[in-house]
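> First to last, the protein sequences are chains G and X. Just so you know, the UniProt record's numbering puts the end of the first sequence at 722, numbered straight through with nothing missing. Just so you know, the UniProt record's numbering puts the end of the second sequence at 156, numbered straight through with nothing missing. For glycine and all other residues, C-beta sits at the position ideal for the given N, C-alpha and C. Source: prediction; values computed, not measured. Could you have a look at this structure, given as structure tokens, before my questions?
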Amino acid sequence: MSDQQVSRRDFLKSSATLTGALVLACYVPGLAPCCSAAEAGFAPNAFVRLSADGSVTVIVGKSEMGQGTFTALAMLVAEELDCDWDRVRVEAAPVAPAYNHTTFGLQVTGGSSSVWSEWQRLSEAGAAARQMLVLAAAQAWQVQPEQCRTERGSVLGPAGRRSSYQDLVERAARLPVPTKVRLKDPRDYRLVGRPTHRLDSPAKVAGSAVFGIDVHTPGMLVAVLMRPPVFGATLKDFQDSKALQVPGVRRVVAVPAGIAVLADGFWPAKLGRERLQATWDLGPGGALSTPRMREEYAGRAATPGTVAAKRGTAGAALARAEKVLRAEYEVPYLAHAPMEPLNCFVDLKADHCHIRTGSQFQTVDRDAAAKAAGLRPEQVTLETTFLGGGFGRRANPASDFVVEAVQVAKAAGQPVKVIWTREDDLKGGYYRPMWYDRISAGISGGRLTSWQHTIVGQSIIAGTSFEAALVKDGIDDTSVEGAADLPYAVDHLLVDLHTMKNPVPTLWWRSVGHSHTAFVVESFLDEVAAALGKDPLICRRELLKNKPRHLGVLNAAARLADWGSPLPAGHGRGIAVHASFKSYVAQVAEVSLDPAGALRVHRVFCAVDCGSVVNPDTIRAQMESGIVFGLSAALYGAITLKDGRVEQTNFDSYPVVRLDAMPKVEVEIVKSTEKPGGIGETAVPPIAPAVANALCALTGARVRALPLTPERIAAARPGRTT
Amino acid sequence: MTSLKVNGETYQVAATPDMPLLWVLRDHLKLTGTKFGCGEGLCGACTVLIDGAAERSCSITLAEVGERQVTTIEGIPANHPVKQAWLAEEVSQCGYCQPGQVVAAVALLKQNRLPSDEQINQAMSGNLCRCGTYQRIRKAIHAASSKMAKGGIIHE
Numbered sequence: 001m002s003d004q005q006v007s008r009r010d011f012l013k014s015s016a017t018l019t020g021a022l023v024l025a026c027y028v029p030g031l032a033p034c035c036s037a038a039e040a041g042f043a044p045n046a047f048v049r050l051s052a053d054g055s056v057t058v059i060v061g062k063s064e065m066g067q068g069t070f071t072a073l074a075m076l077v078a079e080e081l082d083c084d085w086d087r088v089r090v091e092a093a094p095v096a097p098a099y100n101h102t103t104f105g106l107q108v109t110g111g112s113s114s115v116w117s118e119w120q121r122l123s124e125a126g127a128a129a130r131q132m133l134v135l136a137a138a139q140a141w142q143v144q145p146e147q148c149r150t151e152r153g154s155v156l157g158p159a160g161r162r163s164s165y166q167d168l169v170e171r172a173a174r175l176p177v178p179t180k181v182r183l184k185d186p187r188d189y190r191l192v193g194r195p196t197h198r199l200d201s202p203a204k205v206a207g208s209a210v211f212g213i214d215v216h217t218p219g220m221l222v223a224v225l226m227r228p229p230v231f232g233a234t235l236k237d238f239q240d241s242k243a244l245q246v247p248g249v250r251r252v253v254a255v256p257a258g259i260a261v262l263a264d265g266f267w268p269a270k271l272g273r274e275r276l277q278a279t280w281d282l283g284p285g286g287a288l289s290t291p292r293m294r295e296e297y298a299g300r301a302a303t304p305g306t307v308a309a310k311r312g313t314a315g316a317a318l319a320r321a322e323k324v325l326r327a328e329y330e331v332p333y334l335a336h337a338p339m340e341p342l343n344c345f346v347d348l349k350a351d352h353c354h355i356r357t358g359s360q361f362q363t364v365d366r367d368a369a370a371k372a373a374g375l376r377p378e379q380v381t382l383e384t385t386f387l388g389g390g391f392g393r394r395a396n397p398a399s400d401f402v403v404e405a406v407q408v409a410k411a412a413g414q415p416v417k418v419i420w421t422r423e424d425d426l427k428g429g430y431y432r433p434m435w436y437d438r439i440s441a442g443i444s445g446g447r448l449t450s451w452q453h454t455i456v457g458q459s460i461i462a463g464t465s466f467e468a469a470l471v472k473d474g475i476d477d478t479s480v481e482g483a484a485d486l487p488y489a490v491d492h493l494l495v496d497l498h499t500m501k502n503p504v505p506t507l508w509w510r511s512v513g514h515s516h517t518a519f520v521v522e523s524f525l526d527e528v529a530a531a532l533g534k535d536p537l538i539c540r541r542e543l544l545k546n547k548p549r550h551l552g553v554l555n556a557a558a559r560l561a562d563w564g565s566p567l568p569a570g571h572g573r574g575i576a577v578h579a580s581f582k583s584y585v586a587q588v589a590e591v592s593l594d595p596a597g598a599l600r601v602h603r604v605f606c607a608v609d610c611g612s613v614v615n616p617d618t619i620r621a622q623m624e625s626g627i628v629f630g631l632s633a634a635l636y637g638a639i640t641l642k643d644g645r646v647e648q649t650n651f652d653s654y655p656v657v658r659l660d661a662m663p664k665v666e667v668e669i670v671k672s673t674e675k676p677g678g679i680g681e682t683a684v685p686p687i688a689p690a691v692a693n694a695l696c697a698l699t700g701a702r703v704r705a706l707p708l709t710p711e712r713i714a715a716a717r718p719g720r721t722t
Numbered sequence: 001m002t003s004l005k006v007n008g009e010t011y012q013v014a015a016t017p018d019m020p021l022l023w024v025l026r027d028h029l030k031l032t033g034t035k036f037g038c039g040e041g042l043c044g045a046c047t048v049l050i051d052g053a054a055e056r057s058c059s060i061t062l063a064e065v066g067e068r069q070v071t072t073i074e075g076i077p078a079n080h081p082v083k084q085a086w087l088a089e090e091v092s093q094c095g096y097c098q099p100g101q102v103v104a105a106v107a108l109l110k111q112n113r114l115p116s117d118e119q120i121n122q123a124m125s126g127n128l129c130r131c132g133t134y135q136r137i138r139k140a141i142h143a144a145s146s147k148m149a150k151g152g153i154i155h156e
């Protein structure tokens, strides 16, 4: 936000004509009012501002990281405001209680929740503004407001009277903000529900969109940090004389997060870091190795854990079943690896700290920065830039990349921008946890009778400030979501959990627990179908009889894929369905094996039911996006540790899907008038099991570990002894 | 001072000759449309044109560029069919990799006016996108290609 924009809000705060805490909440201290009422425009609440030049600014408290939230949320305001969509622009909100998540109570973008959590509030914000503009026109014309209507940025009155919103701005600003507003009947929507071009695209295509890494101020230094080589290591000693010889390097400071080399730009800072010499006390983290952890996890999986879900007596039912299936599944640690490496700009003064970064977690980052700076939260301002991908990494309860930048700024005594390299990003932790699952099913009389699932892995929430609120009776819901709420009809169910502790930092990764549980549940369901001698689609249909929304997407995806039709020779297809974040997604994947034994995914058919729809094109884009993100994990993704050191360094050792591996994706949005659900994460969970099931259909190889590498596929092929 | 030609202008930059072009553009010229993604030529976010051909600016030094013409995302006109197609097909999500994608597509179409899917794969697979915009990238390239063929426009 520019200084001028801040000043406008500041003015609005002091304007006697505007009431309500929402505007007050936008008050930014230290900036004096500077503009007239007409310049300030009309801001009936914290979310919308109309200017005398005719522009409509929607102030969005959600972070734009690719998911299209700026556009979708602006559409909700614009729909009720009845303004000219071409005049709508979006501004990232400051950190203020007005922008707190309506359910989660702090400013955060996550859980695929932006649309469902903001729909009502932003619709009302737009409707309130519209109502005031109508009243302003009615008063000017000396008619009743009921005699007026609105259309594309104008109020229309009796006898052909017409006034544009911009001409009414000054008068409307003097009216009281209505406490009750009437919202449109969804049948009258003209914008919501129609494919709409994104408001952020032009700047992104022009190359002018400002991401955190692009922030620059005069006198700023760029810092690159040497961080501990293993998790939990502490610095013993370091030598910086060689680093300081690099032209452009200004100083080297040790901070709790590591050793920072500060320079005139990134390049000298990175060269300086290469010339640092440091010795570390590795601590217990130096002994970590993923094969050993896996062994430990597998051992625990054979023992009973803390019960997360229970129905009937699964153990007894298994014991008396005619046929019992048992399998062990596993998935590795994963890095988020957003295209924009982490970064954070900090300008720290004695009584104020200004941060500019791509954050998904503004309240938490602001408070953590205040603590690190020795300031009060209200002395910290945080400007949210565009995020070059988030996927959860930029919503860290530990605020790691923000706190360390404050530490560096404090030690340096001048504005700094910390930039992570890709190597820092992949080695820096906060991974999707590694998981190990043991799962059993009992079959009697040709039907599934019992299901027992033991999950072993680290809790994302334990140890954070959210533990008290989110870990209940020893169960972190994000560890078992998608498994404890198994949708399939089975009389006896037991899901239990072993929460493991080790020094590897973990974090929510796009779709969180579902990224793991969907793979296990949907792969194993195909194993059950095979044991029952049933087609995987038919088996699912039978077990989901009472789950209409699961069935809806399942059938739609099957229809889209023409399930059961002949495939080209050497091709196989698989299906999976999964509900997450209040939405339902089913996918059919069509695969083959290339001569080297590697999987090729040719086509993906995807059906989604996310309830009421704001921008259908964004929903399609997010389905494509989630499929690619999940496919990278299904085919390649693994972070492994050896002697405590992360073995992956860059996109050569941590490959992701490239354009030549991109399947053709077809998306169907199942029509629904249900409440809106999430979109950003919901396409991720089904893709790995859909692909694994397709592989098994093609080759008979049931691969129960991700990623689905050629080695694992070869080892699992029937006839091979392992 | 080293002289550098970017987007039709000649700059004198106070950077060491071994500095990668990427950081000269970003930190010295403040042309921040060119992005840092991996620093190893593995992701393509830093793609620029050098004398019309796509190059990874993180992996070429100021000295290696020499007298050649550099074109960054900022130097590609807004009405270029590739930029127009990117908007029409609504390619961008987070947008971070898109300058590199656009520049790589411009280079491809300069060299091959009617690329097949296979040729697009070959030319564009060095440009990573974590948001998974690949399907739309492919579509936008085809759209720009047919527009350029129809219009007979030759864009630099």
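Does residue 421 of chain G have its Cβ less than 7 Å from a Cβ in chain X?
Locating residue 421 of chain G in the first sequence gives position 421, counting from the first residue. Taking Cβ atoms only, chain X reaches closer than 7 Å to residue 421 of chain G, which makes this a yes.
> What's the gap between the Cα of residue 711 of chain G and the Cα of residue 633 of chain G?
Numbered from its first residue, the first sequence carries residue 711 of chain G at position 711. Numbered from its first residue, the first sequence carries residue 633 of chain G at position 633. Approximately 16 Å between the Cα atoms of the pair.
> State the CB to CB distance for the pair residue 583 of chain G and residue 678 of chain G, rounded to an integer number of angstroms; the pair is presumed to be in contact (CB under 8 Å).
By one-based count along the first sequence, residue 583 of chain G stands at place 583. By one-based count along the first sequence, residue 678 of chain G stands at place 678. Indeed they touch by this definition, with Cβ atoms about 5 Å apart.
> Could you tell me how far apart the beta carbons of residue 225 of chain G and residue 335 of chain G are, in whole angstroms, since I believe they sit closer than 8 Å?
Numbered from 1 along the first sequence, position 225 holds the residue referred to as residue 225 of chain G. Numbered from 1 along the first sequence, position 335 holds the residue referred to as residue 335 of chain G. Contact flag wrong, Cβ pair sits at about 18 Å.
> For residue 724 of chain G and residue 716 of chain G, I'd like the C-alpha separation in whole angstroms.
The structure shown has nothing for residue 724 of chain G, since chain G only spans 1 to 722.
> Between the C-alpha atoms of residue 631 of chain G and residue 87 of chain G, what's the straight-line distance to the nearest angstrom?
Looking up residue 631 of chain G in the first sequence gives position 631. Looking up residue 87 of chain G in the first sequence gives position 87. Roughly 38 Å separates the two Cα atoms.
> Contact between the region 406-419 of chain G and the region 208-224 of chain G is defined here as three or more beta-carbon pairs at a separation below 8 Å; is this criterion met?
The region 406-419 of chain G is in contact with the region 208-224 of chain G.
> Check the C-beta distance from residue 572 of chain G over to residue 694 of chain G and give it rounded, since I have them as a contact under 8 Å.
Start at 1 with the first residue of the first sequence, and residue 572 of chain G comes out as number 572. Start at 1 with the first residue of the first sequence, and residue 694 of chain G comes out as number 694. That pair is a contact at about 5 Å.
> In the DSSP assignment, the beta strand (DSSP E) including residue 669 of chain G goes from what residue to what residue?
Counting from one through the first sequence, the residue named residue 669 of chain G turns up at place 669. Residue 669 of chain G -> beta strand (DSSP E) spans 664-669.
> For residue 102 of chain X, go through chain G and note every residue whose CB falls closer than 9 Å to its CB, in chain order.
Start at 1 with the first residue of the second sequence, and residue 102 of chain X comes out as number 102. Ordered by position in chain G, the residues that pass the 9 Å Cβ test against residue 102 of chain X are 205 and 207.
> For the region 300-363 of chain G, list the alpha helix (DSSP H) runs that are entirely contained and at least 4 residues long, ordered along the chain.
The region 300-363 of chain G contains these whole alpha helix (DSSP H) runs: 314-319.
> Along the chain, where does the alpha helix (DSSP H) that runs through residue 478 of chain G open and close?
As a working mapping, residue 478 of chain G is identified with position 478 in the first sequence. 477-480 is the extent of the alpha helix (DSSP H) around residue 478 of chain G.
> Just to confirm before moving on: does the CB-CB distance between residue 366 of chain G and residue 377 of chain G stay below 7 Å?
Counted from its first residue, the first sequence places residue 366 of chain G at position 366. Counted from its first residue, the first sequence places residue 377 of chain G at position 377. Yes.
> Could you work out which residues of chain G lie near residue 74 of chain X, taking near to mean beta carbons separated by less than 9 Å?
Residue 74 of chain X sits at position 74 when you count from the first residue of the second sequence. Going along chain G in sequence order, the residues near residue 74 of chain X (Cβ under 9 Å) are 206, 207 and 208.
> What number of angstroms, rounded off, separates the C-alpha of residue 47 of chain X from the C-alpha of residue 105 of chain X?
One-based indexing of the second sequence puts residue 47 of chain X at position 47. One-based indexing of the second sequence puts residue 105 of chain X at position 105. Each residue's Cα considered, the two are about 10 Å apart.
> DSSP three-state call for residue 590 of chain G: helix, strand or coil?
One-based indexing of the first sequence puts residue 590 of chain G at position 590. DSSP places residue 590 of chain G in strand when its eight states are reduced to three.
> If we ignore side chains and look at the alpha-carbon of each, how far apart do residue 273 of chain G and residue 113 of chain G end up?
The residue labelled residue 273 of chain G in the question sits at position 273 within the first sequence. The residue labelled residue 113 of chain G in the question sits at position 113 within the first sequence. Answer to the nearest angstrom: the Cα atoms are 40 Å apart.
> Taking the alpha-carbon positions, what's the residue 255 of chain G to residue 410 of chain G distance?
Counting from 1 along the first sequence, the entry for residue 255 of chain G is found at position 255. Counting from 1 along the first sequence, the entry for residue 410 of chain G is found at position 410. Each residue's alpha carbon lies about 9 Å from the other.
> Alpha carbons only, please: which of G:384, G:171 and G:123 is nearest the one belonging to residue 135 of chain G?
Taking the first sequence and counting its residues from 1, the one referred to as residue 135 of chain G is at position 135. Checked all of G:384, G:171 and G:123; the closest Cα to residue 135 of chain G is G:171.
> Does any CB atom of chain G fall closer than 7 Å to the CB of residue 2 of chain X?
Here the question's residue 2 of chain X lines up with position 2 in the second sequence. No, its Cβ sits nowhere closer than 7 Å to a Cβ of chain G.
> Can you give me the C-alpha to C-alpha distance between residue 89 of chain G and residue 129 of chain G, rounded to a whole angstrom?
Residue 89 of chain G sits at position 89 when you count from the first residue of the first sequence. Residue 129 of chain G sits at position 129 when you count from the first residue of the first sequence. If I take the Cα positions, the gap works out to 16 Å.
> Closer than 8 Å by beta-carbon distance: list the chain X residues that pair up with residue 198 of chain G, in chain order.
As a position in the first sequence, residue 198 of chain G is number 198, starting the count at 1. Per Cβ cutoff of 8 Å: 90 and 92.
> With 7 Å as the threshold, decide whether the Cβ of residue 267 of chain G is near any Cβ in chain X.
As a working note, residue 267 of chain G is residue 267 in the first sequence. Answer yes: the Cβ-Cβ gap between residue 267 of chain G and chain X drops below 7 Å somewhere.
> Would you check if there are 3 or more beta carbon pairs closer than 8 Å linking the region 557-575 of chain G to the region 587-603 of chain G?
Yes, they touch.
> So, under 8 Å CB-CB, residue 456 of chain G and residue 297 of chain G are touching, yes? Tell me the CB distance rounded to an integer number of Å.
Locating residue 456 of chain G in the first sequence gives position 456, where the first residue counts as 1. Locating residue 297 of chain G in the first sequence gives position 297, where the first residue counts as 1. 4 Å between Cβ atoms; contact.
> Which class does residue 45 of chain G belong to by DSSP, given the choice of helix, strand or coil?
Walking along the first sequence from the start, residue 45 of chain G turns up at place 45. Looking at residue 45 of chain G - three-state DSSP - the assignment turns out to be strand.
> Beta-carbon within less than 8 Å of residue 324 of chain G's beta-carbon, same chain only, minus the 5 sequence neighbours each way: which residues are those?
Numbered from 1 along the first sequence, position 324 holds the residue referred to as residue 324 of chain G. 318, 440, 441, 442 and 443.
> Under 7 Å between C-beta atoms, does residue 35 of chain G make it to chain X?
If you number the first sequence from 1, residue 35 of chain G lands on position 35. No answer about residue 35 of chain G holds up, because its pLDDT of 39 lies below 50 and its placement is not dependable.
> Using the Cα positions of residue 269 of chain G and residue 261 of chain G, report the straight-line distance between them to the nearest angstrom.
Taking the first sequence and counting its residues from 1, the one referred to as residue 269 of chain G is at position 269. Taking the first sequence and counting its residues from 1, the one referred to as residue 261 of chain G is at position 261. Cα-Cα distance, rounded: 5 Å.
> Using the rule of at least 16 other Cβ atoms within 10 Å of the residue's Cβ for burial, across every protein chain shown, is residue 245 of chain G buried or exposed?
Counting from one through the first sequence, the residue named residue 245 of chain G turns up at place 245. Exposed: under 16 other Cβ atoms inside 10 Å.
> Any chance you could list the alpha helix (DSSP H) runs of at least 4 consecutive residues sitting entirely within the region 607-679 of chain G, in chain order?
Listed in chain order, they are 616-635.
> Pull the bridge partners of residue 599 of chain G from the DSSP assignment, please.
Residue numbering aside, residue 599 of chain G sits at position 599 when the first sequence is read from its first letter. G:593, per the DSSP bridge assignment.
> Roughly how many angstroms lie between the CA atoms of residue 58 of chain G and residue 619 of chain G, to the nearest whole one?
Translated into positions along the first sequence, residue 58 of chain G becomes position 58. Translated into positions along the first sequence, residue 619 of chain G becomes position 619. Between residue 58 of chain G and residue 619 of chain G, the C-alpha separation is close to 21 Å.
> Return the CA-CA distance between residue 458 of chain G and residue 108 of chain G, expressed in angstroms with no decimal places.
Position 458 of the first sequence, counted from the first residue, corresponds to residue 458 of chain G. Position 108 of the first sequence, counted from the first residue, corresponds to residue 108 of chain G. The straight-line gap from Cα to Cα measures roughly 23 Å.
> Answer with buried or exposed for residue 26 of chain G, where buried requires no fewer than 16 other C-beta atoms within 10 angstroms of its C-beta.
Taking the first sequence and counting its residues from 1, one reaches residue 26 of chain G at position 26. Note on residue 26 of chain G: pLDDT 31, under 50, position unreliable in the model; the coordinate value appears next. Residue 26 of chain G should be labelled buried.
> Give the secondary structure of residue 26 of chain X by DSSP, where H, G and I count as helix, E and B as strand, and everything else as coil.
Within the second sequence, numbered from 1, the residue matching residue 26 of chain X stands at position 26. Note: residue 26 of chain X maps to helix in three-state DSSP.
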